[in-house]
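Set out below in structure tokens:
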């Protein structure tokens, strides 16, 4: 990979980056159900940035230029840019005995009644997905994005280990410096801004995926745990803002200290971004 493309990947525009520029009113004038849905589709390249009538073209000129170059280079979430990656992962999947992998992954192995080919049934963010050597599909009927397919194929191919039970921040994981800022800007800061004080609103928004925990020794104002995959869980800590003392709201993700034996850092960051997008999509208008 040439240095220019590597730089573009590290600095790619994400849906959260564009979402921050929107009015966050979910008005629907862009023909999308929410501002976050608009941002996701625009970054994919499925709809133009100009679909939102409230974004000033002059203010958006630099982002539009960057996004155009990004998509032309095959970087981002545009479906075409993932076909080569998915093709490679399908070839890798063909090398593995899925039935033998199932116990290690916390998955259930099944055989297709027609083809006799093995497939895995895996719990994924409150859904059940079926992973075969060729594809990933949601048993609940939800559309699985190319990013998610890559994430789930990587989970199967990479194997999984049992969690240690010790929770750490990303800064405690090896070689994570380049991802810490992305985690903060793409996930922790947007969530803190979306839920500055209302603990009830936060708990309601995360309820489909998180089990509430009792914060340890006043560790946070709210804490919860999300099981992304059978061997992959995230914890979320939230502190309400304190206007009197001048402290803003704060959010922090925690991970099992053995997480990198199961996922690579890029996959881990994707999991956090996916969870963040889902939470923000459930945010009530009055919390905006």
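Residue numbers (this note's numbering): 1105 to 1392. Note that the Cβ used here is the ideal one computed from N, Cα and C, for glycine as well. Model, not experiment: these values are computed from the prediction.
Can the beta-carbon of residue i be found closer than 9 Å to that of residue j?
{"i": "residue 1221", "j": "residue 1236", "result": "yes"}
{"i": "residue 1387", "j": "residue 1298", "result": "yes"}
{"i": "residue 1209", "j": "residue 1260", "result": "yes"}
{"i": "residue 1193", "j": "residue 1254", "result": "yes"}
{"i": "residue 1157", "j": "residue 1133", "result": "yes"}
{"i": "residue 1207", "j": "residue 1360", "result": "no"}
{"i": "residue 1292", "j": "residue 1356", "result": "yes"}
Do you know how far the Cα of residue j is from the Cα of residue i?
{"i": "residue 1184", "j": "residue 1362", "result": "Residue placement at residue 1184 is flagged as unreliable, the pLDDT there being 49, under the threshold of 50; a coordinate-derived value is accordingly withheld."}
{"i": "residue 1200", "j": "residue 1358", "result": "31 Å"}
{"i": "residue 1233", "j": "residue 1328", "result": "23 Å"}
{"i": "residue 1326", "j": "residue 1300", "result": "12 Å"}
{"i": "residue 1136", "j": "residue 1116", "result": "23 Å"}
{"i": "residue 1307", "j": "residue 1323", "result": "17 Å"}
{"i": "residue 1349", "j": "residue 1276", "result": "29 Å"}
{"i": "residue 1105", "j": "residue 1247", "result": "Confidence is the limiting factor: at residue 1105 the pLDDT is only 44, short of 50, which leaves the residue's position unreliable and the question unanswerable from this model."}
{"i": "residue 1383", "j": "residue 1336", "result": "18 Å"}
{"i": "residue 1150", "j": "residue 1202", "result": "34 Å"}
Using a Cβ-Cβ cutoff of less than 6 Å, which residues in the same chain neighbour residue i once the five nearest sequence positions on both sides are dropped?
{"i": "residue 1375", "result": "1332"}
{"i": "residue 1274", "result": "1280, 1284, 1287"}
{"i": "residue 1196", "result": "1261"}
Using C-beta distances below 7 Å, list every residue in its chain close to residue i, excluding the 5 sequence neighbours before and after it, in chain order.
{"i": "residue 1214", "result": "1223, 1225"}
{"i": "residue 1345", "result": "1300, 1301, 1351, 1352, 1353"}
For my contact list, residue i and residue j are in at a C-beta cut-off of 8 Å; report their separation, rounded to the angstrom.
{"i": "residue 1250", "j": "residue 1380", "result": "Not a contact, Cβ separation roughly 18 Å."}
{"i": "residue 1140", "j": "residue 1385", "result": "5 Å"}
{"i": "residue 1265", "j": "residue 1166", "result": "About 43 Å separates the two Cβ atoms, so there is no contact after all."}
Considering only residues of the same chain and omitting the five flanking positions on each side of residue i, which have a CB-CB separation below 8 Å?
{"i": "residue 1198", "result": "1237"}
{"i": "residue 1278", "result": "1364"}
Following a CB-centred definition, is residue i positioned closer than 8 Å to any heavy atom of the ligand ATP?
{"i": "residue 1373", "result": "Summarising the ligand content, the structure contains no ligands, and the ligand ATP is consequently not present."}
Any chance the stretch 1217 to 1237 sits against the stretch 1323 to 1333, with 3 or more Cβ pairs inside 8 Å?
yes
Should the stretch 1113 to 1127 be regarded as contacting the stretch 1138 to 1155, the criterion being three or more beta carbon pairs within less than 8 Å?
yes
For the structure I just gave you, are there three or more beta carbon pairs, one from the stretch 1314 to 1324 and one from the stretch 1338 to 1347, closer than 8 Å?
yes
Count Cβ pairs between the stretch 1251 to 1270 and the stretch 1367 to 1381 that sit closer than 8 Å; are there 3 or more?
yes
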